[in-house]
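Notes follow the structure.
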Ligand SMILES: *[C@@H]1O[C@H](CO)[C@@H](O)[C@H](O)[C@H]1NC(C)=O
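Spelled out as C-alpha cells, the structure:
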C-alpha cells in the first residue's frame, strides 16, 4: 500500500515535471505562430519562412493544468491589472533582439484570430528569451503592429525593469505582449498571460 501511494505521488510529480510547455523552436523559424488547442495539441508555423513544415506537438497533461490555471487566474487579472512582472532577469541581447524581431515581423499590423478551442501565441525566441503576443481567449481577434509591440516593451521596462520578465495588456482587450524565459508556461486558455 505504502509503495503504491508513493508510486502514485511520483507519477503525479513526474507528469507535471515533464509537461511540454513549448517545444524547442529551431532558430530558423524566426517569428512563429503557435495555435494551442485545448486538447493539448500545438501547431507551430514559421511566420518568417512560411515554406517551413509546421511543428505539431501533443501534450496529454495540458487539459488538467489548464483547468486549474483558469480558476486561479480568473479572480484578479482580467481587465484590471494590465501589467505583471515575474521577476526573472532575462538576457539583455535576447530582450533587445526578440522585441525588435517581433516588431519588424508585424510591421504595420498583423491580425490574429483564435478559434472555438484555441489560444494563439505569436513570438520569437532569441538567446533563450521569448517575446510574444498572445490571445488566450477563444473566438477572439486582435491586431498587433510595431507601435503596439514597442509600447508594450516600454511599459514592461518602466513597470518591471529593463531586462525583467513580465507582460503588458491593453485595458479591456484580450491581447497581451510579454517576455519570459524560453520554456515558461505562457498563453494558456484562461490566461491572460
Ligand atoms: C486536437 O484538436 C485538433 C483540432 O480539432 C485536431 O486537429 C487534433 O488532431 C487534436 N489532437 C488530438 C491528439 O486529438
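In mature numbering (1 follows the signal peptide of the UniProt record, and there is no 0), the protein residues as written are -19 to -1, 1 to 174. A virtual CB, placed ideally from N, CA and C, is assigned to each residue, including glycine.
**Exposed unless 16 or more other CB atoms sit within 10 angstroms - verdict on residue 9** = For the purposes of this step, residue 9 is taken as residue 28 along the chain shown, with counting starting at 1. With fewer than 16 other Cβ atoms within 10 Å, it is exposed.
**Request:** Would you mind reading off the limits of the beta strand (DSSP E) that contains residue 184?
**Result:** This structure cannot speak to residue 184, because the chain is shown only from -19 to 174.
**Asked** Counting along the chain, where does the beta strand (DSSP E) carrying residue 171 start and finish?
**Response** The count along the chain shown starts at 1 and reaches residue 171 at position 190. In this chain, residue 171 is not harboured by any beta strand (DSSP E), its DSSP state being neither H nor E.
**Request:** Please determine, among 20, 170, 12, the residue with the shortest C-alpha to C-alpha distance to residue 88.
**Result:** Residue numbering aside, residue 88 sits at position 107 when the chain shown is read from its first letter. For the residues 20, 170, 12, the minimum Cα distance to residue 88 belongs to 12.
**Message:** So, under 8 angstroms CB-CB, residue 111 and residue 104 are touching, yes? Tell me the CB distance rounded to an integer number of Å.
**Reply:** In the chain shown, counting from the first residue as 1, residue 111 sits at position 130. In the chain shown, counting from the first residue as 1, residue 104 sits at position 123. With a Cβ gap of about 5 angstroms, residue 111 and residue 104 count as contacting.
**Message:** Using a strict less-than 7 angstroms threshold between each residue's beta carbon and the heavy atoms of ligand 2, what residues do you get?
**Reply:** In the structure on display, ligand 2 does not appear, and the ligands it does have are ligand 1.
**Request:** Give every residue of the same chain whose Cβ lies closer than 7 angstroms to the Cβ of residue 116, excluding the five residues on either side of it in the sequence, and list them in chain order.
**Result:** Here residue 116 refers to the residue found at position 135 when the chain shown is read from its first residue. Its chain contains 93, 95, 100, 101, 123, 155, 156 as the residues whose beta carbon lies nearer than 7 angstroms to that of residue 116, once the 5 sequence neighbours on both sides are disregarded; these appear in chain order.
**Prompt:** Quick one: Cα of residue 79 to Cα of residue 106, how far?
**Reply:** Residue numbering aside, residue 79 sits at position 98 when the chain shown is read from its first letter. Residue numbering aside, residue 106 sits at position 125 when the chain shown is read from its first letter. When rounded, the separation of the alpha-carbon atoms in residue 79 and residue 106 is 6 angstroms.
**Message:** Alpha carbons only, please: which of 134, 69, 121, 38 is nearest the one belonging to residue 81?
**Reply:** Numbered from its first residue, the chain shown carries residue 81 at position 100. For residue 81, the closest alpha carbon among the candidates 134, 69, 121, 38 is that of 134.
**Request:** Pick helix, strand or coil for residue 159, following the three-state DSSP scheme.
**Result:** Translated into the one-based positions of the chain shown, residue 159 becomes position 178. Correct three-state label for residue 159: strand.
**Asked** Apart from the five residues on each side of it in sequence, which residues of its chain come closer than 6 angstroms, Cβ to Cβ, to residue 73?
**Response** Taking the chain shown and counting its residues from 1, the one referred to as residue 73 is at position 92. So the list reads 144, once near-sequence residues are dropped.
**Message:** Looking only at its chain, what residues have a beta carbon closer than 6 angstroms to the beta carbon of residue 149, apart from the 5 residues adjacent to it on each side?
**Reply:** By 1-based counting over the chain shown, the position of residue 149 is 168. When the five nearest sequence neighbours on each side are left out, the beta carbons in the same chain lying within less than 6 angstroms of the beta carbon of residue 149 are those of 64, 133, 136, 137, 158, in order along the chain.
**Request:** Using only alpha-carbon positions, find the residue among 113, 31, 41, 83 that is nearest to residue 164.
**Result:** In the chain shown, counting from the first residue as 1, residue 164 sits at position 183. When each option's Cα is compared against that of residue 164, the closest is 113.
**Asked** Just checking my contact of residue 120 with residue 97 at CB under 8 angstroms: how many whole Å lie between their CB atoms?
**Response** Taking the first residue of the chain shown as 1, we reach residue 120 at position 139. Taking the first residue of the chain shown as 1, we reach residue 97 at position 116. So it is a contact: roughly 6 angstroms between Cβ atoms.
**Item:** Contact set for residue 26: own chain, Cβ-Cβ below 7 angstroms, skip 5 residues either direction
**Value:** As a position in the chain shown, residue 26 is number 45, starting the count at 1. Excluding residues within five positions, the ones whose Cβ falls inside 7 angstroms are 13, 14, 35.
**Request:** Kindly indicate which residue of 37, 42, 66 has the alpha-carbon position closest to the one of residue 140.
**Result:** Position 159 of the chain shown, counted from the start, is the residue given in the question as residue 140. Distance check between residue 140 and each of 37, 42, 66 places 66 closest, using alpha-carbon atoms only.
**Asked** How would you call residue 109, buried or exposed, if buried means at least 16 neighbouring beta carbons within 10 angstroms?
**Response** Along the chain shown, one-based indexing puts residue 109 at 128. Around the Cβ of residue 109, a 10 Å sphere holds fewer than 16 other Cβ atoms; the residue is exposed.
**Request:** Could you please give me the residues that DSSP links to residue 181 through a beta bridge?
**Result:** In the structure displayed, the chain extends from -19 to 174; residue 181 sits before or after that span and is not available.
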